[in-house]
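**Student:**
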Amino acid sequence: MIRSRCLRDSSALLPRLAAAGARAQKQFYSSKSAKDSGKMSLMTFLRTTIGLDPPLPPDYPTVENRFHPWESSPSEELRQRAAFIKSRAKCPVTHKNIAYTCPKSGIPTHHSKEAWEQDTEYHSSGKAELLKKANIYEHDLRSGREFPEFDFPGVQMRDAMVNYLNWDTFFYTREFFSMDSEFNLAAVTKMLTYPVTMASILDEFSPYKLKPKGPLTIEGLKSLAALRYTMFPKDRTKVWQDRPARFFILGARSESQLPAHVWKQLSYLLQFTEFELVFIGPESYFDRSRNHYVTSDQKISHRIDNRMTFTYYTNYFHVLHEAQDLFPYDPYQDCFFLFHPGLGAPEAMDQWEKSLPGLLESKCPVFVTGFHESDSNRDWEWLNKKFGNEMDVLMEPTENIFKSLKWEVNDLDPSEVYQFNQQMFGFRGKRYHAVLH
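In UniProt numbering, the protein residues as written are 1 to 437.
#1: Which residues in the same chain as L320 place their Cβ atom closer than 8 Å to its Cβ, once the five residues preceding and following it in sequence are excluded?
#2: Assuming W70 contacts P108 under a Cβ cut-off of 8 Å, what Cβ separation, rounded to an integer in Å, is found between them?
#3: The beta strand (DSSP E) that contains V393, what's its start and end?
#4: R253: which of V278, L270, E274 and L78 sits nearest, CA to CA?
#5: Which one of E276, R307, E408 and E396 has the shortest CA to CA distance from Y208?
#6: Please work out which residues of its chain come closer than 6 Å, Cβ to Cβ, to P195, disregarding the five sequence neighbours upstream and downstream, and give them in chain order.
#7: Classify I218: buried if its beta carbon has 16 or more other beta carbons within 10 angstroms, exposed otherwise.
#8: Only counting runs of 4 or more residues, tell me where the alpha helix (DSSP H) segments fall wholly within the region 152 to 201, in order along the chain.
#9: Any idea if P215 is buried or exposed, counting beta-carbon neighbours within 10 angstroms, 16 or more meaning buried?
#10: Please work out which residues of its chain come closer than 7 Å, Cβ to Cβ, to F200, disregarding the five sequence neighbours upstream and downstream, and give them in chain order.
#11: Within a Cβ cutoff of 6 Å, which residues of the same chain sit near D287, ignoring the five residues on either side of it in sequence?
#12: Compare the beta carbon distance of K132 and S404 with 7 Å and say whether it is the shorter of the two.
#13: From the DSSP output, read off the bridge partner residues of S301.
#14: What do you get for V63, buried or exposed, if any count of 16 or more other CB atoms within 10 angstroms of its CB means buried?
#15: Alpha carbon to alpha carbon, how far is P365 from K386? Give it in angstroms, no decimals.
#16: Taking only runs of the alpha helix (DSSP H) that begin and end inside the region 70 to 133, which ones reach a length of at least 4 residues, in chain order?
#17: Quick check on the burial criterion: 16 or more other C-beta atoms within 10 angstroms. Buried or exposed for Q80?
#18: For A226 and S73, I'd like the C-alpha separation in whole angstroms.
#19: Quick check: W380 and F425, are their CB atoms within less than 7 Å of each other?
#20: Look at the alpha carbon of L56 and the alpha carbon of A186, and state the distance between them as a whole number of angstroms.
#21: DSSP has residue 439 in a bridge; who is on the other side?
#22: Thinking C-beta only, is F337 closer than 7 Å to F367?
#23: Tell me the residue span of the beta strand (DSSP E) that contains R228.
#24: In angstroms with no decimal places, state the Cα-to-Cα distance between K363 and G429.
#25: Buried or exposed: where does G126 fall if 16 or more other Cβ atoms within 10 Å of its Cβ makes it buried?
#26: Can you tell me which residues form a DSSP beta bridge with I280?
#27: Cα-Cα, which of R158, T311 and S296 is closest to residue 443?
#28: How far does the beta strand (DSSP E) with L338 in it reach, from first residue to last?
#29: From the DSSP output, in three-state form, read off Y418 for me.
#30: Quick check on this structure: which residue in R243, I85 and K406 has the alpha carbon closest to the alpha carbon of H372?
#31: Roughly how many angstroms lie between the CA atoms of residue 441 and P212, to the nearest whole one?
#32: Would you identify the three-state DSSP class for S33, choosing helix, strand or coil?
#33: With DSSP as the reference, label R5 as helix, strand or coil.
#34: Please report the residue range of the alpha helix (DSSP H) in which D350 lies.
#35: Return helix, strand or coil for G342, following the three-state DSSP convention.
#36: Counting contacts by CB-CB distance shorter than 7 Å, is L224 in contact with chain C?
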């Protein structure tokens, strides 16, 4: 259920964030007016002379000006979410309908004040603080401020190496707008977590080290070495790809609705590779003009530029695999990504049990993310129980360095907070080596 909730929230915000990014690109670095550029106040002169930071703009986000109880929020959308929580979610103590708003977080969490006070696990675990962060981040996205952090950089200079140690070094070496506050980081990492997670795994300078220093296994190193042989050729004067690399995104939902300029960051990071992003699933193609999902028997393709193409299949992977629509697979040029698939979730496991044999048969690497540790562990345990003898582990379960830094709320269980792509692991269909006698 968490998946349908977060999909609805993300889909509603993506066009708004894309528009904010466009405004930022047009307005942030432009001068306000000839009058402002021609005059300098005495205070500005003094600040400049003695090296003080300029005064913060009135809409600069802070905890104080972004905190509002959802019930009385200036955003109608958040007031509706508060009403949804009260009508659908249950109190973790009394198991009755939620009717009390936590004064620390501003989000409805319990049936009554007495239940809230009795919930020692809620107070000791720090959930109120995380819910408060989720609250202020949601208000910031709806505040109407400019979002200069969405003014993304362009082509990476070939002699300038990207550092994947963490978000800070990545933003610095990619020359992003300076991320001065947690609000900047929350807004931009929610969108960039998808392409940067992929690039951090595939890049030849990936931060994920071989065991025991990291989560990568020998089999994982073999699979990534094959992909890197294609994507980072030693002789770049020759044509080395007979077709574009394919990055399959199965069960695609909100990630397929990300604006093209967000996915373009993946192209800048894999600057020697022509590739195709293949979004697969019944919710993979959303028509914003008609505001509904499109179903098609044929693939839908949009060429973004000379190195990146978006392709959409609105059927399940196992149907496409059985029809051989995606054949042949090539471990040197194909890779699968499953963002929050819910492999072990009761509402999704039946479909995934049909699709996993095809994924394993492809012998291509598969990387899976989860909302939080328990979500990822459930998927990992289900996968090992069902297909443990048929797969090689490529990456042990680990925290994703490039997870979203924005905390989210599960409206059906507000005591559950999560981050997009917080955890991940990898696997591949087992390879059997020939034995010579």
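Don't be surprised by glycine CBs; every beta carbon is placed ideally from N, CA and C.
**Tutor:** Here's the rundown:
#1: I280, Y313 and L326
#2: 7 Å
#3: M391 to E399
#4: V278
#5: E396
#6: W263, Q265 and L266
#7: Exposed, because fewer than 16 other Cβ atoms sit within 10 Å of the Cβ of I218.
#8: 167 to 173
#9: By the neighbour-count criterion, in which 16 or more other beta carbons inside 10 Å mark a residue as buried, P215 falls on the buried side.
#10: Going by the sequence as given, residue 200 is Ser instead of Phe. Only Y164, S206, P207, I401 and F402 meet the Cβ criterion.
#11: Hits under 6 Å: V294.
#12: In this structure, S404 does not lie closer than 7 Å to K132 by Cβ.
#13: T311
#14: Exposed: under 16 other Cβ atoms inside 10 Å.
#15: 18 Å
#16: 76 to 88, 113 to 118 and 120 to 124
#17: exposed
#18: For A226 and S73, the distance between alpha carbons rounds to 52 Å.
#19: Yes, these two residues count as a Cβ contact at 7 Å.
#20: 19 Å
#21: Residue 439 lies beyond the range of the chain shown here (1 to 437); nothing can be said about it.
#22: yes
#23: That residue, R228, is in no beta strand (DSSP E); its alpha helix (DSSP H) goes I218 to M231.
#24: 5 Å
#25: exposed
#26: L250 and Y313
#27: Nothing can be reported for residue 443: it is not among the residues displayed for the chain, which extend from 1 to 437.
#28: D334 to L338
#29: strand
#30: K406
#31: Residue coverage of the chain in this structure runs from 1 to 437, which leaves residue 441 outside it and unanswerable.
#32: Reliability of the predicted coordinates at S33 is poor, the pLDDT of 39 falling under 50, and no value is obtained from them.
#33: Confidence is the limiting factor: at R5 the pLDDT is only 47, short of 50, which leaves the residue's position unreliable and the question unanswerable from this model.
#34: M349 to S362
#35: Reduced to three states, the DSSP call for G342 is coil.
#36: In the structure shown, chain C cannot be found, because there is only a single protein chain.
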